Amino acid sequence: MVNNGRTPRESASNARISGVGRRSFLKATGAGATGVALAGCLGGNGGDEGSSEGLKVGHIGPMTSPLGVGSLRSANMAANVVNEGDGVNGGEVEIVEGDTEASASQAQAVVEELIQQENVDMLVGVFASEVALSLVDLTADNDVPLLVTGSASPQVTRDHAGENYDKYKNIFRPGPINSDLQAEAMAGYAGYLKDLHDWDQVAFLRDNAAWTTSFEELIPGLLSERDIEIVYESALSIDSPDVGSVMDEISGTDADYILRFFAHIDGSSMLGTWHDGQYDFGIEGIHVTGMFPGYFEASQGAALYETTAQTGAAGVTDITEKTVPFVESYREQFGDAENPPNQAPMYMGFTTYDAINIVSEVANENEESPRGSIDNFVDSMLDVSHTGVAGTIEFYGEDSDYPHDLKETRNDQGDIVNYPVTQWQGDGSLECVYPEQYRTADHVMPEWMR
Amino acid sequence: MTSAKDTFDRGLDRVLGPIERAFSPVANLFNRYLGPYFGKLNGLQFLLLAVSILALLTAELWAPLVSGTMFRTLALASIWAIFAMSWDIQSGYTGYISFGHSVLSGIAAYTTALLLVNVNPEMPFVVTAVLSVLASLVLGLLIALPTLRLEGPYFSLITFVGVLLFYRLTTAYDALGGIPGFSQPEVFTWDPVMRYYYMLVPMLLVALVLTFLARSNLGMILVAIRENESAVSAAGINPTKFKIWSFVLSSIPMGIGGVLLVGFYGNVDPATFILVDNSIEMIAMAVLGGMGSILGPLGGAFLFEFLNEELLGGQSRSVRYMILWVLVLLVLVFARRGLFRKIWHRLGEVGGDRR
């Protein structure tokens with residue numbers, strides 16, 4: 001691998017795929033003739049180039065996390081919508097599940113199986129950037145389109161298609177915007193907080209992981225342009241974050257709020273400490289655990305006043321005319337499901353839903369599988385301008401810094417708007433507080449600070 | 451009075467006897483020329499060995515029939531077989547059980563990564579591989595020199611603490627990559643078939659060399675240390691010297707395995723390489739196959755990986771490992787010599803006492 005990213009991993013483990021599982025293959029081979037008949041479509045290097053009819057989608061994500069569950073459900077919703085329409089090239093969209101268990105080695109095993117055994121036409125999903133980075137070479141070597149819908153590290157595009165376009169042109173990111181752009185969006189949000197509350201001193205915290213490198217590099221400059229001062233800065237170990245001592249140290253500063261970027265770290269204990277101790281600062285930024293739709297209840301109200309940016313704004317506002325109906329349909333189907341998330345998928349679900357719709361359109365337009373001709377696929381993808389549930393989706397081209405990354409959308413002032421911020425308010429309602437065009441309520445500071 | 455077991459044994463002899471006789475001429479040929487170096491075989495043992503090696507070498511023909519991921523499983527099993535055999539020549543033979551062998555493969559992997567990151571990203575594989583194996587050897591000696599003078603449980607405890615220490619070390623400093631580790635190393639190839647052969651060939655060579663050494667006087671002394679260390683001393687042989695040799699023999703292939711594992715994943719991180727679970731898994735494989743036999747742990751590694759990756763593939767990670775640990779427990783209780791050793795000796799008993 002030639003990426004500079006980093007890859008967390010558990011010890012070597014195994015692929016788990018629903019549908020046609022390995023065990024059934026073992027049984028089949030045990031039955032003798034069946035096994036031999038199947039042999040033609042197994043193994044080898046790369047196998048066939050996908051199917052000519054329909055669209056077989058390998059969905060990869062951490063299925064032990066509500067993030068992965070929401071994304072897989074959204075993938076199936078998209079498949080149902082397409083199948084109820086005209087389908088894809090006379091066939092149907094079929095979703096095959098691969099559980100990464102949030103580990104890069106597991107993800108590699110799963111993706112090898114999806115490509116070589118399941119013969120998928122495309123892959124969609126991936127949460128951790130480290131996992132995405134560990135899959136770029138594998139998918140590029142097999143010319144299988146990989147639509148990243150959960151990871152934000154710019155390394156996924158900039159350090160691959162940005163450096164060797166021909167090799168890595170199979171990789172697209174329909175969302176979220178990459179963390180370079182997220183940093184700019186968050187700086188815009190910090191500007192809003194400054195205008196609203198006069199907050200101009202920030203304690204800057206982040207996961208010590210690949211996706212936050214952009215924040216480390218860009219946030220100080222972007223905040224200083226807006227006359228916002230960083231009074232405390234720390235990258236916390238995602239293995240054992242020392243939240244208690246960090247909170248104590250921050251309370252010794254004049255910070256108006258913590259601007260934190262947590263995807264790996266669960267910030268719940270920080271919220272609990274903050275709420276109970278009524279610390280004299282707000283908690284803002286990005287917190288993936290906090291995007292869980294039932295988070296307010298799960299945190300027993302400790303999440304009140306915390307904010308997080310999230311693609312799709314959890315469906316609480318009309319980003320496009322499709323956003324709210326999508327979330328309503330999700331709630332209808334999964335409101336009573338055993339596993340959360342029940343109220344809405346988390347951000348990955350929004351982008352996964354859009355990704356499958358886009359590729360279905362492209363496959364129909366080209367009248368072939370995305371793996372039929374990767375060049376045709378790429379050309380058509382670059383022409384896409386899709387109104388999805390998470391916003392308008394267009395991709396950067398070959399000559400950009402981030403080839404095939406989702407383009408940011410901007411308002412008249414030039415602020416990035418397709419990375420909205422939500423806040424838990426009042427008795428547990430989730431409101432979109434930024435940007436202005438999607439705002440359902442103004443940001444409120446904790447009641448003990450007023 | 452004849453028990454059911456005796457009846458079964460006689461039946462088995464009757465079935466296997468003719469096969470043994472059919473292959474005994476060729477086994478005798480092996481025994482005449484190679485027996486002194488690798489041990490003597492009867493016809494059945496020769497057949498099992500020949501078929502196994504042939505099956506491994508011709509996996510291209512049959513592995514895809516088993517499952518689409520079989521090459522991956524076989525490649526992983528080959529690497530882990532190196533670890534299990536390396537552990538065995540040291541711990542299985544001398545009885546000084548190491549609970550921290552993964553630091554030896556880990557140091558090789560980290561040496562590769564640190565050379566690529568800090569010295570030269572274009573450093574040729576030959577150079578990083580040789581230096582990495584050397585690093586394993588040096589660390590092996592560093593652990594062995596002070597600890598193997600100790601008797602009793604202290605050696606095991608020290609190796610155990612060693613792996614915990616090394617794990618924390620890699621996550622304590624950013625320069626060592628933390629939890630995500632380093633992704634600079636490249637995989638050998640993504641072609642599953644080629645990748646398998648890249649792992650298989652070194653594994654077979656390691657098996658050959660270790661079997662040869664285990665059958666030599668050195669191997670006999672190591673076993674003697676396990677059985678009665680004072681007797682070895684009384685015979686005028688310095689056991690510490692030979693225990694250190696066993697660590698040398700173990701460290702080098704551990705380093706080779708570490709280098710191969712880097713080539714498999716293209717990433718070096720504490721969870722894949724250092725975590726104490728890895729050290730325990732090596733022991734589990736050796737136990738399954740049969741400690742103190744080199745080829746037993748090799749078979750154990752393949753069995754373990756096949757169960758883990760293929761047969762239990764549909765289960766969650768927790769369930770898979772739970773089943774595997776129960777199996778290890780059962781083998782420890784009911785077949786202490788290990789499954790493959792048991793089979794091997796049973797085959798050896800067919801057709802008289804030739805072994």
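Protein chains in written order, with the working numbering: chain A, 1 to 450; chain S, 451 to 805. Beta carbons: idealized from backbone N, C-alpha and C, even for Gly. If you're wondering where the values come from, they're calculated on a predicted model, not measured in any experiment.
Which of helix, strand or coil does DSSP assign to residue i?
i: Phe100(A); result: Correcting the residue type first, residue 100(A) is Thr in the shown sequence and not Phe. In the structure shown, Thr100(A) sits in coil (DSSP, three-state: anything other than H, G, I, E or B).
i: Val588(S); result: helix
i: Glu92(A); result: coil
i: Tyr257(A); result: strand
i: Leu725(S); result: coil
i: Ala309(A); result: strand
i: Leu430(A); result: strand
i: Ile436(A); result: According to the sequence shown, residue 436(A) is Glu rather than Ile. The answer is helix: DSSP assigns Glu436(A) an H, G or I state.
i: Arg371(A); result: coil
i: Gln333(A); result: helix
i: Ile593(S); result: helix
i: Arg645(S); result: helix
i: Val444(A); result: coil
i: Phe262(A); result: strand
i: Ile410(A); result: The question names Ile, but residue 410(A) is Arg in the sequence shown. Residue state, collapsed to three classes: strand.
i: His404(A); result: coil
i: Gly322(A); result: According to the sequence displayed, residue 322(A) carries Lys and not Gly. Looking at Lys322(A) - three-state DSSP - the assignment turns out to be coil, as it is neither helix nor strand.
i: Gln634(S); result: coil
i: Thr392(A); result: strand
Exposed or buried, which one is residue i when buried takes at least 16 other CB atoms within 10 Å?
i: Val111(A); result: buried
i: Ile532(S); result: buried
i: Gly602(S); result: exposed
i: Arg22(A); result: Note on Arg22(A): pLDDT 37, under 50, position unreliable in the model; the coordinate value appears next. Classification of Arg22(A): buried, given that the 10 Å Cβ count is 16 or more.
i: Lys169(A); result: buried
i: Arg599(S); result: exposed
i: Arg482(S); result: exposed
i: Ala28(A); result: Annotation note: pLDDT 38 at Ala28(A) (below 50); position unreliable, coordinate value reported separately. The residue is buried, with at least 16 neighbouring Cβ atoms inside 10 Å.
i: Gln300(A); result: exposed
i: Pro468(S); result: exposed
i: Pro341(A); result: buried
i: Lys691(S); result: exposed
i: Glu217(A); result: exposed
i: Trp794(S); result: buried
i: Asn208(A); result: buried
i: Asp248(A); result: exposed
i: Leu479(S); result: exposed
i: Val371(A); result: First, the residue type needs correcting, since residue 371(A) is Arg and not Val in the sequence shown. Classification for Arg371(A): buried.
i: Asn570(S); result: exposed
Apart from the five residues on each side of it in sequence, which residues of its chain come closer than 7 Å, Cβ to Cβ, to residue i?
i: Thr544(S); result: Leu672, Ile675, Arg676, Lys693, Ser696
i: Leu782(S); result: Val737
i: Glu92(A); result: Gly54, Asn83
i: Pro435(A); result: Asn411, Asp415, Val417, Pro420
i: Thr523(S); result: Glu755, Phe756, Glu759, Glu760
i: Asp456(S); result: none
i: Asp806(S); result: Chain S is shown from 451 up to 805; residue 806(S) falls before or after that span and cannot be answered.
Would the C-beta of residue i count as close to the ligand SAH, meaning under 6 Å from any of its heavy atoms?
i: Val144(A); result: Absence of the ligand SAH from the depicted structure is noted, as is the absence of any ligand whatsoever, leaving it without description.
By Cβ distance below 6 Å, which residues in the same chain neighbour residue i in space, the five residues on each side in sequence not counted?
i: Thr597(S); result: Phe605, Ile608
i: Gly244(A); result: none
i: Tyr279(A); result: Ser251
i: Gly708(S); result: Ser555, Ala558, Ala559
i: Ala78(A); result: Tyr353, Ile356, Asn357
i: Gly716(S); result: Pro635, Glu636, Val637
i: Ala527(S); result: Ala751, Phe752, Glu755
Looking only at its chain, what residues have a beta carbon closer than 8 Å to the beta carbon of residue i, apart from the 5 residues adjacent to it on each side?
i: Phe296(A); result: Ala303, Leu304, Trp424, Gly428, Leu430
i: Val294(A); result: First, the residue type needs correcting, since residue 294(A) is Gly and not Val in the sequence shown. So the list reads Pro340, Pro341, Asn342, Gln343, once near-sequence residues are dropped.
> At what residue ranges does the region 103 to 135 of chain A contain a whole run of the beta strand (DSSP E), taking only runs of 3 or more?
Replying inline: 122 to 125
>> In chain order, what are the residue ranges of uninterrupted alpha helix (DSSP H) at least 4 long that sit wholly in the region 156 to 244 of chain A?
In response: 165 to 168, 179 to 197, 213 to 225
> Quick one: any contact between the region 505 to 525 of chain S and the region 650 to 666 of chain S, if contact means 3 or more CB pairs under 8 Å?
Replying inline: yes
>> Give the list of continuous alpha helix (DSSP H) stretches no shorter than 4 residues that lie fully inside the region 596 to 628 of chain S.
In response: 604 to 622
> Counting only runs that start and end within the region 500 to 588 of chain S, where is the alpha helix (DSSP H) found for 4 or more residues in a row?
Replying inline: 509 to 516, 520 to 537, 552 to 564
> If you scan the region 741 to 803 of chain S from start to end, which runs of the alpha helix (DSSP H) of 4 or more residues do you find wholly inside it?
Replying inline: 745 to 755, 767 to 784, 789 to 799
>> Count Cβ pairs between the region 776 to 791 of chain S and the region 726 to 746 of chain S that sit closer than 8 Å; are there 3 or more?
In response: yes
>> Tell me whether the region 315 to 326 of chain A and the region 383 to 393 of chain A touch, counting them as touching only if at least three CB pairs, one residue from each stretch, are closer than 8 Å.
In response: yes
>> At 3 residues or longer, what runs of the beta strand (DSSP E) sit wholly inside the region 470 to 496 of chain S?
In response: none
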